[in-house]
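Working notes for the structure below.
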Amino acid sequence: MKINTLLILALLLFPFVNLLGSPLDSIQELPHIDNPEYIGYRMALVNLSVSPDKSKNTYKITFTAINTGRKDLLFGKKISKPPQLVINFDHSLMDTGLSDHVETIRTAVINENFHIAPGKIAEARTVKVKLSQSPKPPKEVFEPMETNPQKPGTGIELPEKEEQFTAKAAPMDDFENALLGAPAHQYDENACSDLVFESIKVIKKSKGKVTLEYTIINNGEGPAKLVHSQKQAHKNLAFQAYLSSKDKITKSSFSLENSFIEKGLKDSNGKLYPGQRFTGTVKINVQKMTKFTPFVILELDPYLSVHECDKTNNKLGVQVGEGIEKK
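Be aware that the sequence shown starts at 571, since it is given in this note's numbering, and climbs by one per residue.
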């Protein structure tokens, strides 16, 4: 009889004992991060470390950023911040005692100058922050909530499989490597770009002038600097225009005055990254156009100011004039 009573008592107490030993009871110890609704801009900050700076109450915080969303992330003090940006942290936020300084860290990070394409991992960065109190690591480090069954214990949501990235996406191995401390994949600033006209069309035509809308795509491995100055257009990427009898340059084609990209790409510091497109307009003086030269040919970067892998694919033509009717 006593054995049965003890057995029943043990069965009744078991769920409570199990709950006390479960890491789930530590969830409330994690900082509450009030993230907005996800619309495509999301970033994970992992491998945080903190060290005191020389100044009083100033600390150096090192982190690795991962773009886990489906849209490009561009940051800088003079750049508009991505709207409704979701920022997630891994367990290192608590390990370093920074759980009370989430907003300070977020502000410091998004004021840094860097770019991350969807699915990419930026190299480790360091920011200086002024904290009202010293970081205090918890006495006992708890495991954060698992938000992705494929990445237990990280607390990081990876991009949804059904979402399509607008730029080249890194394979999932890059995420795994980052979490294991392996080198991050990023664009090589020294790699060559490859600028190509994707399209050119006439949007306005008047006597002696024509306005063309063009779209450029970077098919290379490195970024291309298109805009150097928002105020001095002559420092930006140039166009050379030609009048021709065909949609390509021939011996009878002749050149017109140069034009320049006037503005754009402000959020990316004037750079067009691999896989990205840039659309703009350019006005061409076509007073010398005749029925024998109805085509306008545009050539990208005639001064060879951009480091490109292939300079033979920088031209594209569009018919502007009536031309000669074929019998």
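Positions of the beta carbon are idealized from the N, C-alpha and C atoms, including for glycine. Note that the structure is predicted; figures quoted are calculated from it, not measured.
If you run the structure through DSSP and keep just helix, strand and coil, what is residue i?
| i | result |
| --- | --- |
| residue 876 | coil |
| residue 774 | strand |
| residue 662 | helix |
| residue 649 | coil |
| residue 640 | coil |
| residue 672 | helix |
| residue 787 | strand |
| residue 599 | Because residue 599 sits at a pLDDT of 34, beneath the cut-off of 50, its placement in the model cannot be relied upon, and the point is left open. |
| residue 695 | strand |
| residue 900 | An answer regarding residue 900 cannot be provided, because it is not within the stretch 571 to 897 covered by the chain. |
| residue 819 | coil |
| residue 851 | strand |
| residue 714 | Its pLDDT being 45, under 50, residue 714 is placed unreliably in this model, and the value from its coordinates should be taken loosely. Coil, per DSSP. |
| residue 678 | helix |
| residue 685 | strand |
| residue 812 | strand |
| residue 870 | strand |
So, is residue i buried or exposed, given that buried needs 16 or more other C-beta atoms within 10 angstroms?
| i | result |
| --- | --- |
| residue 710 | Here residue 710 scores only 48 on pLDDT, less than 50, and its place in the model should not be relied on; the value that follows carries that caveat. Residue 710 comes out exposed. |
| residue 622 | exposed |
| residue 726 | The predicted model places residue 726 with a pLDDT of 48, which falls under 50 and marks its position as unreliable; any figure quoted below should be read in that light. Per the 10 Å Cβ criterion, buried. |
| residue 911 | The displayed coordinates of the chain run from 571 to 897. Any statement about residue 911 would go beyond what the structure contains. |
| residue 864 | buried |
| residue 660 | buried |
| residue 806 | buried |
| residue 669 | buried |
| residue 824 | exposed |
| residue 831 | buried |
| residue 614 | buried |
| residue 746 | With a pLDDT of only 40 at residue 746, under the threshold of 50, the placement of this residue in the model should not be trusted, and no figure is reported. |
Assuming contact is defined by CB atoms lying nearer than 8 angstroms, are residue i and residue j in contact in what I supplied?
| i | j | result |
| --- | --- | --- |
| residue 691 | residue 676 | no |
| residue 781 | residue 773 | yes |
| residue 799 | residue 876 | no |
| residue 637 | residue 765 | no |
| residue 872 | residue 790 | no |
| residue 685 | residue 643 | yes |
| residue 911 | residue 866 | Since the first residue shown for the chain is 571 and the last is 897, residue 911 is missing from the structure and cannot be characterised. |
| residue 641 | residue 610 | yes |
| residue 861 | residue 891 | yes |
| residue 792 | residue 855 | no |
| residue 612 | residue 646 | no |
| residue 705 | residue 665 | no |
Rounded C-beta distance between residue i and residue j? I'm assuming under 8 angstroms.
| i | j | result |
| --- | --- | --- |
| residue 868 | residue 842 | That pair is no contact at about 16 angstroms. |
| residue 616 | residue 634 | 5 angstroms |
| residue 813 | residue 848 | No, residue 813 and residue 848 are not in contact; Cβ-Cβ is about 25 angstroms, not under 8 angstroms. |
| residue 682 | residue 697 | 6 angstroms |
Based on the DSSP output, what are the partners of residue i in its beta bridges?
| i | result |
| --- | --- |
| residue 805 | DSSP, once it has assigned bridges, lists no residue as partnering residue 805. |
| residue 634 | 616 |
| residue 622 | 629 |
| residue 766 | 787 |
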